[in-house]
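Residue numbers (our numbering): 5 to 455.
For glycine and all other residues, C-beta sits at the position ideal for the given N, C-alpha and C.
Predicted, not measured: the structure shown is a model, and the values here were computed from it.
Shown next, in structure tokens, is the structure this report addresses.
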Amino acid sequence: MITADKKRHGRWQARRSLFVVALISLALLLGYLAQENRIQWDVSQNARNSLSQASLAVLKELNGPLAVTVYATANDAQLGNIRKIIGEFLSLYQRAKSDITVTFIDPTEQPQQAQQAGIQANGEMIVAFDGRLERLASVNEQAFTNVLLQLVRPRKKIVAALAGHGERKFDGAAGRDLGSFGAQLASKGFKVGNLNLSVDWEVPAETDVLVISSPQIELQKEEVAKLLAYIARGGNLLWLIDSEPLHGLQPLAEKLALTLTPGVVIDPQARQLNLPITFAIGANYGQHRVAADFEYTTVFPFARQITVNDNDEWQGLSLVDVADEGWVEAGALDGKMTFDKMYDVAGPVSIAVTLSRNLQEREQRIAVVGTGYFLANDYLGQGKNLDLGINLMNWLAGDENLIAIQPRATLDSSLNLNKTVLGLISAGFLLVLPLVFVMTGVIIWRKRTRN
5 MITADKKRHG
15 RWQARRSLFV
25 VALISLALLL
35 GYLAQENRIQ
45 WDVSQNARNS
55 LSQASLAVLK
65 ELNGPLAVTV
75 YATANDAQLG
85 NIRKIIGEFL
95 SLYQRAKSDI
105 TVTFIDPTEQ
115 PQQAQQAGIQ
125 ANGEMIVAFD
135 GRLERLASVN
145 EQAFTNVLLQ
155 LVRPRKKIVA
165 ALAGHGERKF
175 DGAAGRDLGS
185 FGAQLASKGF
195 KVGNLNLSVD
205 WEVPAETDVL
215 VISSPQIELQ
225 KEEVAKLLAY
235 IARGGNLLWL
245 IDSEPLHGLQ
255 PLAEKLALTL
265 TPGVVIDPQA
275 RQLNLPITFA
285 IGANYGQHRV
295 AADFEYTTVF
305 PFARQITVND
315 NDEWQGLSLV
325 DVADEGWVEA
335 GALDGKMTFD
345 KMYDVAGPVS
355 IAVTLSRNLQ
365 EREQRIAVVG
375 TGYFLANDYL
385 GQGKNLDLGI
395 NLMNWLAGDE
405 NLIAIQPRAT
415 LDSSLNLNKT
425 VLGLISAGFL
435 LVLPLVFVMT
445 GVIIWRKRTR
455 N
């Protein structure tokens with residue numbers, strides 16, 4: 005009997021030792037796998053602890069190491085441990101691109117280095133890639149990815165905005181101007197400047213994209229001739245046309261084989277977004293690189309119809325079709341507007357087109373949008389107007405590899421718990437769970453002692 009008990013006890017000891025060895029081996033294996041393979045799941049709202057697809061796409065375009073120098077003190081009076089904040093933020097990019105190096109310099113300990121670098125704020129960063137430098141003072145994904153976009157471009161793309169005829173201004177703050185869009189272009193590596201053809205001999209040869217945005221007075225024949233010469237030699241163009249006279253630009257429309265239907269598009273679907281029916285809702289996009297994987301809504305106030313005529317010179321494509329249940333209103337925009345089949349044009353309506361042709365061993369690219377309000381300060385925030393506008397400019401400038409939805413805005417959320425709920429949670433972790441573990445241990449111990 006004693007011998008049987010000893011054997012049974014020996015087997016129990018062997019099983020226990022084997023279990024301990026297996027448990028330790030499993031822990032060591034999990035530790036090794038965790039060290040060699042980093043897998044994370046982001047369960048935060050709006051995936052705030054991971055990078056957007058747009059940021060990941062930009063990182064893929066950075067062929068080479070990226071160096072980030074952060075000038076920050078150990079602690080900031082307002083932000084606290086600012087180095088930790090910036091380090092954790094940059095780690096998101098380091099996980100996606102392993103050759104990103106981050107160096108911290110304390111401007112109070114190294115004042116000469118900070119002065120030589122022109123540092124003006126605690127936490128300012130200098131981002132270096134391929135011999136080029138960019139500065140950044142904001143710690144958020146959109147700002148940092150915009151800096152990367154500027155570094156990806158081998159040079160700043162030059163945008164010349166036609167001026168001198170009351171056009172929408174790329175640096176203007178008025179509601180009809182394009183100042184906000186111009187600022188976004190600048191943040192993404194474009195250099196925007198004005199072009200007055202009444203004093204300039206021609207559109208500069210280094211211009212990547214010429215923008216014509218709703219002139220309010222007549223262009224001189226000499227100016228129009230300079231525009232046509234620019235198109236003839238292969239220049240890229242973004243033409244924003246409002247539902248008003250062309251002010252001398254009819255020869256340009258003829259050169260591009262366009263028909264510009266008079267009137268404003270009426271879109272009853274706008275009521276679903278609590279918008280006027282004179283705001284056309286963009287949701288149907290052509291099979292074009294500009295709108296690839298673009299499944300967002302855009303808004304085109306006071307748009308006009310644009311049609312590409314059959315021709316042997318240009319390859320035309322409708323980029324945005326609107327108003328499936330609407331029409332082009334030929335009458336006045338007052339009172340109760342209804343469709344009149346004798347005068348109005350039934351939808352769907354094309355309000356944005358792209359044109360391209362091969363010229364001098366390169367592709368010439370032109371985009372025509374039937375409203376300048378689309379990118380105006382008052383309406384740029386409607387839907388995804390900004391994203392589609394940036395995509396258009398990237399395509400026109402020959403940077404279609406950078407066409408992507410802009411980095412998402414981070415949604416912050418807080419969980420507010422009252423004292424009762426906090427007390428219950430604390431009791432659960434501090435009292436209930438330990439008691440459950442103790443009772444479980446006692447039950448197991450009693451069963452083993454009985455055997």
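* **Contact under 8 Å by Cβ, Q386 with V303** => In contact: Q386 and V303 (Cβ atoms closer than 8 Å).
* Asked: Secondary structure at L231, three-state DSSP: helix, strand or coil?
  -> L231: helix per DSSP, three-state reduction.
* Give the C-beta separation of V1 and A177 to the nearest angstrom, bearing in mind that I take them to be a contact with Cβ-Cβ under 8 Å. => Since the first and last residues shown for the chain are 5 and 455, residue 1 lies out of range.
* What does I310 pair with, by DSSP beta-bridge criteria? -> DSSP output for I310 lists L264 as bridge partner(s).
* To do: Quick one: residues in its chain with C-beta nearer than 7 Å to the C-beta of K192, no 5 flanking neighbours on either side, listed in chain order?
  => The beta carbon of K192 lies closer than 7 Å to those of N150, L153, Q154 and I394 in the same chain, with the five residues before and after it left out.
* To do: Verify the contact flag: F93, CB atom, against every heavy atom of the ligand ATP, threshold strictly below 7 Å.
  => In terms of ligand content, the structure shown is empty, and the ligand ATP therefore cannot be addressed.
* Please look up how many angstroms separate the CB atoms of T311 and T263, rounded, as I've assumed it's under 8 Å. => For a cut-off of 8 Å, the C-beta gap from T311 to T263 is around 4 Å, short enough to register as a contact.
* To do: Quick one: grab the DSSP three-state call for I28.
  => Here I28 sits in helix by DSSP.
* To do: Could you say which of Q114, E258 and Q188 lies nearest to N315 if we only look at CA atoms?
  => Between N315 and the set Q114, E258 and Q188, the nearest pair of CA atoms involves E258.
* Asked: Quick one: what's got a C-beta closer than 7 Å to I235's C-beta in the same chain, skipping five residues either side?
  -> The answer, listed in chain order, is L241 and K259.
* Asked: Can you tell which of F378, I270, Q368 and A327 has its C-alpha closest to the C-alpha of K340?
  -> Looking only at F378, I270, Q368 and A327, the smallest Cα-Cα distance to K340 is reached by I270.
* Flag this pair as touching only if the segment 250 to 257 and the segment 279 to 287 have three or more C-beta atom pairs under 8 Å; answer yes or no. => Contact between the segment 250 to 257 and the segment 279 to 287 is absent, with fewer than three C-beta pairs closer than 8 Å.
* Asked: In or out: R87 buried (at least 16 other Cβ within 10 Å) or exposed?
  -> With 16 or more other Cβ atoms within 10 Å, it is buried.
* **Cβ contact (3+ pairs, closer than 8 Å) linking the segment 200 to 209 and the segment 133 to 150** => As far as the Cβ criterion goes, the segment 200 to 209 does not touch the segment 133 to 150, which means the pair count is below three.
* Once you ignore the five residues that flank A71 on each side, which residues in its own chain have a CB closer than 6 Å to its CB? -> Around A71: T105 and A132.
* **Beta-carbon proximity list for Y383, same chain, < 7 Å, skipping 5 on both sides** => Same-chain partners within the cutoff: V303, P305, Y377 and N389.
* Neighbourhood of I130 by C-beta, 7 Å cutoff - its chain only, sequence neighbours within 5 removed -> Closer than 7 Å at the Cβ level, and outside the excluded window around I130, lie T73, A121, L137 and R139.
* **Nearest-angstrom Cβ-Cβ length linking T358 and A307, presumed shorter than 8 Å** => So it is not a contact: roughly 16 Å between Cβ atoms.
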